[in-house]
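Visitor: Residue numbers (our numbering): -10 to 243. The beta carbon of each residue, even a glycine, is placed where N, CA and C say it ideally should be. Note that the coordinates shown come from a computational prediction; the quantities given were computed from them, not determined experimentally. Could you have a look at this structure, given as structure tokens, before my questions?
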DNA sequence: ATGGCTTTATGCTAAAGA
């Protein structure tokens, strides 16, 4: 079972790229983020053999999970704050595997209310994943975490020290998620530095490989035992009018 | 980076992203 995650930076602007990539990469599941609108082209994906579930809002955020197998929606908002309207969380079930698709808040600037919102969102995510662990539900969390876990996950750590993606508080929260017993699917198989999933549009970051690794797939213990591979596909980032993120793919048995 | 791109929006500048 091939499961991928990709922040597409507008599904409307990236529809052709996503359709092309589904055709070449042939994932069984694709979790996409930052759809940026209320309209979702479910029909386009249906004709390619994918059933889609969508949680969206106007202009910002938005997540969707495409699956070749039937999937059931468990949650389309992150629990823990009824006043939170942002579409950043989608939890579905496919054949007993729980798929958690997230677009974790950016958090910048750190002196604004966006940073405490990010940290609070991570606490709520911790609580939800902790409950799934307690229930013994096998799960996979994929998405744009907006977290640089370690120095080797960015081209110049000194530049990122005070950024919400790399601040100690953010990384501590990420470590707490991992400490629930989760496996970073990419890092358990690849120790190299310079392995990125995002490159800024500005300053020639992509050709210079000045990127950051902020898109992740975390696995609960029984799913980690089924992991057979995990890779970043840099192909889509090199295309004309690309998203600033590129897909991350995990291969799971079963 | 005092942000040099990109996207969206009762749009024509502003906000957000990372």
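Please identify the residue among 56, 192 and 96 whose C-alpha is closest to the C-alpha of residue 153.
Guide: Taking the first chain and counting its residues from 1, the one referred to as residue 153 is at position 164. Residue 153 has its Cα closest to that of 96, out of 56, 192 and 96.
Visitor: Just how far apart, CA to CA, sit residue 162 and residue 155?
Guide: Working through the first chain from its first residue, we reach residue 162 at position 173. Working through the first chain from its first residue, we reach residue 155 at position 166. Taking the straight line from one Cα to the other gives about 11 Å.
Visitor: Near residue 142, what residues of its chain come up, given a Cβ to Cβ distance below 6 Å and the 5 sequence neighbours on each side ignored?
Guide: Walking along the first chain from the start, residue 142 turns up at place 153. 202.
Visitor: What residue range does the alpha helix (DSSP H) around residue 80 cover?
Guide: Numbered from 1 along the first chain, position 91 holds the residue referred to as residue 80. Premise fails: residue 80 lies in the beta strand (DSSP E), 78 to 83, not in any alpha helix (DSSP H).
Visitor: How far does the beta strand (DSSP E) with residue 19 in it extend, from its first residue to its last?
Guide: The residue labelled residue 19 in the question sits at position 30 within the first chain. Segment 18 to 22, the beta strand (DSSP E) holding residue 19.
Visitor: Are the beta-carbon atoms of residue 20 and residue 65 separated by less than 8 Å?
Guide: Taking the first residue of the first chain as position 1, residue 20 is located at position 31. Taking the first residue of the first chain as position 1, residue 65 is located at position 76. Contact flag unset, no.
Visitor: Are the CB atoms of residue 53 and residue 238 within a distance shorter than 8 Å?
Guide: In the first chain, residue 238 corresponds to position 249, counting from 1. In the first chain, residue 53 corresponds to position 64, counting from 1. Cβ atoms of residue 238 and residue 53: not closer than 8 Å.
Visitor: Can you list, in chain order, the stretches of the alpha helix (DSSP H) that have 4 or more residues and sit fully within the stretch 178 to 229?
Guide: With a minimum length of 4 residues, the continuous alpha helix (DSSP H) runs that stay inside the stretch 178 to 229 are 210 to 213.
Visitor: For the alpha helix (DSSP H) that residue 153 lies in, which residues bound it at each end?
Guide: Position 164 of the first chain, counted from the first residue, corresponds to residue 153. Note, residue 153: premise wrong, no alpha helix (DSSP H); not H, not E.
Visitor: Here's a check: name, in chain order, each residue in its chain whose Cβ is nearer than 6 Å to the Cβ of residue 240, leaving out the five neighbours to either side.
Guide: As a position in the first chain, residue 240 is number 251, starting the count at 1. Hits under 6 Å: -9, 217 and 218.
Visitor: In whole angstroms, give me the CA-to-CA distance for residue -4 and residue 234.
Guide: On the first chain, residue -4 is found 7 positions in, with the first residue counted as 1. On the first chain, residue 234 is found 245 positions in, with the first residue counted as 1. Cα to Cα, residue -4 sits roughly 6 Å from residue 234.
Visitor: Which residue from 25, 61 and 33 puts its Cα closest to that of residue 46?
Guide: The count along the first chain starts at 1 and reaches residue 46 at position 57. Minimum Cα distance to residue 46 is reached at 25.
Visitor: In this structure, does DSSP put residue 128 in helix, strand or coil?
Guide: Taking the first residue of the first chain as 1, we reach residue 128 at position 139. Residue 128: strand per DSSP, three-state reduction.
Visitor: Between the alpha carbons of residue 57 and residue 147, how many angstroms are there, rounded?
Guide: Sequence index remark: in the first chain, residue 57 carries index 68 (1-based). Sequence index remark: in the first chain, residue 147 carries index 158 (1-based). Rounded to the nearest angstrom, the two C-alpha atoms are 43 Å apart.
Visitor: Which two residues bound the contiguous beta strand (DSSP E) that contains residue 7?
Guide: Walking along the first chain from the start, residue 7 turns up at place 18. Not the beta strand (DSSP E): residue 7 falls in the alpha helix (DSSP H), residues 0 to 14.
Visitor: Which residue from 165, 87 and 150 puts its Cα closest to that of residue 131?
Guide: Translated into the one-based positions of the first chain, residue 131 becomes position 142. Cα-wise, what sits closest to residue 131 is 87.
Visitor: Between which two residues does the alpha helix (DSSP H) harbouring residue 99 extend?
Guide: Position 110 of the first chain, counted from the start, is the residue given in the question as residue 99. From DSSP, residue 99 is part of no alpha helix (DSSP H); its letter is neither H nor E.
Visitor: Counting along the chain, where does the alpha helix (DSSP H) carrying residue 159 start and finish?
Guide: Here residue 159 corresponds to residue number 170 of the first chain, with the count starting at 1. Where residue 159 is concerned, the enclosing alpha helix (DSSP H) stretches over 157 to 167.
Visitor: Based on DSSP bridge pairs, tell me the residues matched to residue 42.
Guide: Within the first chain, the letter at position 53 stands for residue 42. The partner list for residue 42 (beta bridge, DSSP) reads 54.
Visitor: Please confirm if the stretch 110 to 122 is in contact with the stretch 163 to 183, defined as three or more CB-CB distances below 8 Å between the two stretches.
Guide: The stretch 110 to 122, when compared against the stretch 163 to 183, does touch it at the 8 Å Cβ threshold.
Visitor: What separation, rounded to the nearest whole angstrom, lies between the Cα atoms of residue 37 and residue 100?
Guide: Your numbering for residue 37 matches position 48 in the first chain. Your numbering for residue 100 matches position 111 in the first chain. Roughly 45 Å between the two C-alpha positions.
Visitor: Report yes if the CB atom of residue 10 is closer than 8 Å to the CB atom of residue 211, and no otherwise.
Guide: Locating residue 10 in the first chain gives position 21, where the first residue counts as 1. Locating residue 211 in the first chain gives position 222, where the first residue counts as 1. Against a cut-off of 8 Å, the Cβ pair of residue 211 and residue 10 comes out as no contact.
Visitor: DSSP state of residue -9, grouped into three classes?
Guide: Position 2 of the first chain, counted from the start, is the residue given in the question as residue -9. If DSSP states are grouped into helix, strand and coil, residue -9 belongs with the strands.
Visitor: Taking the alpha-carbon positions, what's the residue 84 to residue 5 distance?
Guide: Taking the first chain and counting its residues from 1, the one referred to as residue 84 is at position 95. Taking the first chain and counting its residues from 1, the one referred to as residue 5 is at position 16. Straight-line Cα distance between these residues: approximately 29 Å.
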